[in-house]
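Below: one structure, written as structure tokens.
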Amino acid sequence: MKQYVIYSVTLGATWCFLHGAINLPNFLIGLVLGLLVIRPFKELYDIDKQTSYRNIIFRIPKLVRYFSMLIVEIIKASIVVAKIVLQPKIDIHPGIIAVPVRTTKDLSITAIANTITLTPGTLTIDVSNDRSALYIHSIDVSDPKELRDSIRDDLEEYVLEAFE
Amino acid sequence: MSTLTTAIDAISMFFFLIGIAFVFLGMIGLLRLPDVYNRLHATTKIGTVGAFSVMIGIVLKVGLSAMGLKAITVGLFLLLTAPIAAHMIARAAHRHGVGLCDESIMDDYGKTYK
């Protein structure tokens, strides 16, 4: 039941933003439509999971920290790629490596994969069948060990803190 | 009052320019980099930053009006969907046998699904 409330409040807020006016009637329309939308897609939303509102509120500072880290990393990533693009002769050593991940939760794996794609020089291609590793294409794999370490120590820490 | 509006206008113009410059660089990358996977690097990362700063420019220009709110939503959705699109394209390309470019050093993924 709590899950219903959380998702429909989120969908109501989304409705307000898409409609272009934030006010109570709009939010209520979004809320009701949200409930109708969640109903047929029940399996996707994991309705029966137990959560508490306190848990979610305590998580907000960590999410803020994660998103600020993400924005800084995206800007860094663009500058790195822009530099490579503007080199007179493109000198890169790309390749695909397997990077182990420590979690098996869907949400965390998705978040880690998306974060990796948005950070400098790396792009997630697939997750292994047993969910223990991600396959990552990197623009520079001249040192695979260092790349694995940097992903595990920097990115994963933030994501696990924010989503687990 | 008018100084403030001018300042905000100037900042939004600055964001527009940054955004357009980054999208331009992304397109150069799309043309210059060797294979599908490297090209995806250029379009996802640079494209996200470019489009996002254009959206920030719009928000600063029109404020939190209908257009500004939609720009925020578009920016957030872009942040969420650009990596997923890149991931799907790369995965499909690899499974269809699109090889890595000659400069590539290693391919851990190739052995896993054949």
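Heads up: the sequence lines are chains A and B, in that order.
Residue numbers for the first sequence follow my numbering, so the first one is 20 and each next one is one higher.
Residue numbers for the second sequence follow my numbering, so the first one is 2 and each next one is one higher.
We put the CB at the ideal spot given by N, CA and C, even for glycine.
This structure is a prediction, so every number in the text was calculated from the model and none was measured.
Q) Can you give the Cα-Cα distance for A:E175 and A:T136, rounded to whole angstroms? A) Going from the Cα of A:E175 to the Cα of A:T136 covers about 13 Å.
Q: Mind checking who A:I116 pairs with in its DSSP beta bridge?
A: Per DSSP, A:I155.
Q) How would you label B:G58, buried or exposed, when you count the other beta carbons within 10 angstroms and need 16 or more for buried? A) It is buried - the Cβ of B:G58 has at least 16 other Cβ atoms within 10 Å.
Q. So with Cβ pairs under 8 Å, would you call A:Y154 a contact of chain B?
A. With a threshold of 8 Å between beta carbons, A:Y154 makes contact with chain B.
Q. Going along the chain, which residues of its own chain have a beta-carbon closer than 7 Å to the beta-carbon of B:L101, five neighbours each way excluded?
A. Excluding residues up to 5 positions away in sequence, D36, Y38, D108 lie with their Cβ nearer than 7 Å to the Cβ of B:L101 in the same chain.
Q: Would you grab the beta carbon distance between A:I57 and A:V118 for me? Rounded to a whole angstrom, and I think it's under 8 Å.
A: So it is not a contact: roughly 34 Å between Cβ atoms.
Q | A:I152 to B:H95 span [Cα, whole Å] | A | Just to set this straight, residue 152 of chain A is Ala in the shown sequence, not Ile. Here the alpha carbons of B:H95 and A:A152 stand approximately 17 Å from one another.
Q: Kindly indicate which residue of A:I111, A:A96, A:R171 has the alpha-carbon position closest to the one of A:S161.
A: Comparing Cα positions, the closest option is A:I111.
Q.
Strictly under 8 Å for the Cβ-Cβ distance: is B:L5 near chain A by that measure?
A. Interface flag for B:L5 against chain A is unset, since no Cβ pair is found closer than 8 Å.
(Q) Assuming the contact rule is C-beta atoms closer than 8 Å, B:A43 and A:V104 should be a hit. Round their C-beta distance to whole Å, please. (A) The Cβ separation is near 6 Å, so the contact holds.
Q) For A:Y85, does the count of other Cβ atoms within 10 angstroms reach 16, so buried, or fall short, so exposed? A) Buried, because 16 or more other Cβ atoms sit within 10 Å of the Cβ of A:Y85.
**Q.** Proximity test, Cβ basis, 8 Å: B:V50 and chain A
**A.** It does; some Cβ of chain A falls within 8 Å.
Q. Using the beta-carbon count (16 or more within 10 Å), is A:L82 buried or exposed?
A. The residue is exposed, with fewer than 16 neighbouring Cβ atoms inside 10 Å.
Q) Curious, which full-length alpha helix (DSSP H) runs of at least 4 residues does the segment 21-90 of chain B contain? A) Taking only runs of at least 4 residues, the alpha helix (DSSP H) segments lying wholly in the segment 21-90 of chain B are 37-42, 48-63.
Q: Grab me the residues of B:K62's own chain with a C-beta within less than 6 Å of its C-beta, minus the 5 sequence neighbours each way, in chain order.
A: Excluding five sequence positions before and after B:K62, the CB atoms of its chain that fall closer than 6 Å to its own CB belong to S13, given in chain order.
Q | Environment of A:K124 [buried if 16+ CB atoms lie within 10 Å] | A | By the beta-carbon neighbour count (other beta carbons within 10 angstroms, threshold 16), A:K124 is exposed.
Q | As assigned by DSSP and simplified to three states, the class of A:L142 | A | Strand.
**Q.** Proximity test, Cβ basis, 8 Å: B:I47 and chain A
**A.** Nearest CB-CB separation between B:I47 and chain A: below the 8 Å threshold.
Q) Ends of the alpha helix (DSSP H) at A:P163? A) Element bounds for A:P163: 163-169.
Q. Alpha helix (DSSP H) containing A:G53: first to last residue?
A. Counting along the chain, the alpha helix (DSSP H) containing A:G53 begins and ends at 43-57.
Q: Give the residues of chain A in contact with B:I73, contact being defined as C-beta atoms less than 9 Å apart.
A: F36, listed in chain order.
(Q) Below 8 Å on the Cβ atoms is my contact criterion, and I expect B:S54 with B:F16 to pass it. Report the Cβ-Cβ distance as a whole number of Å. (A) Between B:F16 and B:S54 the Cβ distance is about 5 Å, and since that is below 8 Å, they are a contact.
Q: Take A:S27 and list the residues in its own chain whose beta-carbon comes closer than 7 Å to its own, dropping the five residues that flank it on each side.
A: Closer than 7 Å at the Cβ level, and outside the excluded window around A:S27, lie L50, G53, L54, I57.
Q: Identify which residue in B:L32, B:A86, B:I19 has its Cα closest to the Cα of B:T45.
A: Among B:L32, B:A86, B:I19, the Cα nearest to that of B:T45 is on B:A86.
Q) Which bits of chain B does A:D7 rub up against, with CB to CB less than 9 Å? A) What is shown of chain A runs 20 to 183, which leaves residue 7 of chain A out entirely.
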